[in-house]
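S.K.: Start counting the sequence shown at 30; every next residue gets the next number (my numbering). Even for Gly, the Cβ is constructed at its ideal location relative to N, Cα and C.
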Amino acid sequence: VDECARGLDNCGSNSQCINTDGSFVCRCNYGYTGNGVYCYDINECSLSIDNCHSNASCSNIGGSFFCTCESGYTGNGTFCQEIDECSLSVDDCHPNSNCTNIDGSFLCICDEEFSGNETLCQGASSSSVDWFQSYLSDRYQVTRIGQSTSSPLLVKHGVPQGSILGPLLFTIYMNDLPKVVSNCDVESYVDDTKTFISFSLSEANLGLLSLSQDLRNIAEWCCSNKLLINPLKTEFMIFGMEKSIKNLPNLSIPFLGKILTPVTVCKDLGLTLDATLTFDDHINSLTSTLTSSLCQINRVRHLFNKNALLVMINCIVFSKLYYCSTVWSGTTQKNVKKLQQVQNFAARIVTGTRTYDHITPALDKLGWLSVNDSLLYRNAIMMYKIVHGLAPAYLSSKLVIRSQVHNHFTRQTNDLNILRCRTSKAKRSFFNHAALLWNSFDLSTRNISTLGGFKKAVRTELINRQN
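1. Quick one: Cα of D268 to Cα of I492, how far?
2. With a cut-off of 8 Å, do at least 3 Cβ pairs link the segment 178-189 to the segment 149-161?
3. Do F265 and V292 have their beta-carbon atoms positioned less than 8 Å apart in this structure?
4. Exposed or buried, which one is D113 when buried takes at least 16 other CB atoms within 10 Å?
5. Would you be able to state if there are at least three C-beta pairs under 8 Å between the segment 455-468 and the segment 365-378?
6. Roughly how far, in whole angstroms, is the beta-carbon of V371 from the beta-carbon of T316, given that I think they are within contact range, below 8 Å?
7. In the DSSP assignment, what residue or residues form a beta bridge with V292?
8. What would DSSP say about I282, mapped onto helix, strand or coil?
9. Mind checking I71: buried by the 16 CB within 10 Å criterion, or exposed?
10. Please check the pair Y61 and C55, which I expect to be a contact at CB under 8 Å, by giving their CB distance rounded to whole angstroms.
11. For K349, which option in T361, L235, C87 and S321 has the closest C-alpha, if you only look at C-alpha atoms?
12. Please state whether the Cβ-Cβ distance between N125 and C115 is less than 8 Å.
13. With I274 as the anchor, note down where its alpha helix (DSSP H) starts and where it stops.
14. Among the residues of its own chain, which have a CB less than 6 Å from the CB of N446, if the five just before and after it don't count?
15. On a Cα-Cα basis, can you pick out the residue from C98, V346 and G359 that is closest to N80?
16. Is K272 buried or exposed, if buried means 16 or more other CB atoms sit within 10 Å of its CB?
17. Go ahead and pull the three-state DSSP assignment for L240.
18. If you pair each beta-carbon of the segment 202-215 with each one of the segment 242-250, do three or more pairs fall below 8 Å?
19. By a C-beta neighbour count over all protein chains shown, 10 Å radius and 16 as the cutoff for buried, is F483 buried or exposed?
20. Specify, as a first and last residue, the run of the beta strand (DSSP E) that G63 falls within.
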């Protein structure tokens, strides 16, 4: 009787049945060990009975094993040959470094004049250093008033005035300033540096102490690097809710022989900031300046045609009107109406509309959006840049898509998540009202691939809403 053929044996799944005269024998398959009824896998890798190359790794599988060459080697596993990444140009060494092949890998070594790691070598070549030295050495400056010129004076410190390279070199020189600040955040634009610290009402004194310490660190760093801080131009400002600011104790900071007390208004890169961020002072100053400019244009408008007037108003008025608008666009409607009056005045000048005539036809004729819609238009453009990665990363990090909050599929899945706001001022903040505006657009509008196409679509939609 052939027990194997009839399936009458009791051999295990990893064994084979061999028929014998009057009986049968169970024999474990190759790579397994046991009595035939029970067969166990032989781990060739752990027992070191594989034939893998010394530069290969052994992986055990049921009844066998396979060999894989390690990173930096190539072959079938039983024979592995080193890869020369340097000669094959598959290394990721920085252009200012040299690639050195080592066993199974490679090493990037920065050139003599540079420092860093294998992927980034920073510094300047000797020829670049010589060029900078030539530019900065033996420079003289003179002062000229009318036909009179002063004697030349050697520039011992700093850079030649009026050069394009000057601000760049100064920025490089100031690059280490944030490293001396331990408690505050620092933002710099050329020689304009701001330090920030956030604290609750109960921690006001502790926050002030931390700020004072960082200001001392900044002063010491500037002194050691031969930079002069003007304490008379240094301003101390506290931002917060009006009620919270009133409940603060009298705060002051000593700085370079001057006592800094909180100011209620300050100017930062052309933007007037107030302590409660109402931007009332900015709007009042802006409307006063622009109205004065428009009055001057109005006096000579008869000397220019319509196109020339449009160019002047765009350059002199609108360039200032919407400067940093994404920052202050959440101001009150009262302030927006003030700016609308400025735009109406500009429209009357261009179209010749009389004072008591209705302004809407003139605005429609010029194709101008209202001030409110123009602010929405600029906010939409900024939000497009943030969503599509065209803005700085720190702005993109503030956005959350609703699909990241929950996994329920709804019509709003691709919308931006709107946080709950307890105050009206928070509701008017850029990220809140710009996100609401973004969500109001069709998905097809949001997904337009080009910024130019998006601008056109948004402008058309705002005009349709306006009508």
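M.R.: On the basis of the coordinates in this document:
1. For the purposes of this step, residue 268 is taken as residue 239 along the sequence shown, with counting starting at 1. For the purposes of this step, residue 492 is taken as residue 463 along the sequence shown, with counting starting at 1. Checking the sequence, you will find Phe at residue 268 rather than Asp. Going from the Cα of F268 to the Cα of I492 covers about 36 Å.
2. no
3. Residue numbering aside, residue 292 sits at position 263 when the sequence shown is read from its first letter. Residue numbering aside, residue 265 sits at position 236 when the sequence shown is read from its first letter. Yes. Within cutoff.
4. By one-based count along the sequence shown, residue 113 stands at place 84. Under this definition D113 is an exposed residue.
5. no
6. Translated into positions along the sequence shown, residue 371 becomes position 342. Translated into positions along the sequence shown, residue 316 becomes position 287. Their Cβ separation, rounded to whole angstroms, is 6 Å, which keeps V371 and T316 in contact under 8 Å.
7. Within the sequence shown, numbered from 1, the residue matching residue 292 stands at position 263. M266.
8. Walking along the sequence shown from the start, residue 282 turns up at place 253. I282 falls in the strand class under three-state DSSP.
9. Position 42 of the sequence shown, counted from the first residue, corresponds to residue 71. Buried.
10. Along the sequence shown, one-based indexing puts residue 61 at 32. Along the sequence shown, one-based indexing puts residue 55 at 26. In fact, because the Cβ distance is near 11 Å, the residues do not count as touching under 8 Å.
11. Your numbering for residue 349 matches position 320 in the sequence shown. The residue with the shortest Cα to Cα distance from K349 is S321.
12. Within the sequence shown, residue 125 is the residue found at index 96, counting from 1. Within the sequence shown, residue 115 is the residue found at index 86, counting from 1. No, these two residues do not count as a Cβ contact at 8 Å.
13. Walking along the sequence shown from the start, residue 274 turns up at place 245. Its alpha helix (DSSP H) spans residues E271 to K275.
14. By 1-based counting over the sequence shown, the position of residue 446 is 417. Hits under 6 Å: V429, R431 and V434.
15. Within the sequence shown, the letter at position 51 stands for residue 80. Of C98, V346 and G359, the residue nearest in Cα terms is C98.
16. The count along the sequence shown starts at 1 and reaches residue 272 at position 243. Under this definition K272 is an exposed residue.
17. Along the sequence shown, one-based indexing puts residue 240 at 211. If DSSP states are grouped into helix, strand and coil, L240 belongs with the helices.
18. yes
19. Locating residue 483 in the sequence shown gives position 454, where the first residue counts as 1. The residue is buried, with at least 16 neighbouring Cβ atoms inside 10 Å.
20. Your numbering for residue 63 matches position 34 in the sequence shown. Start and end: Y61 to G63.
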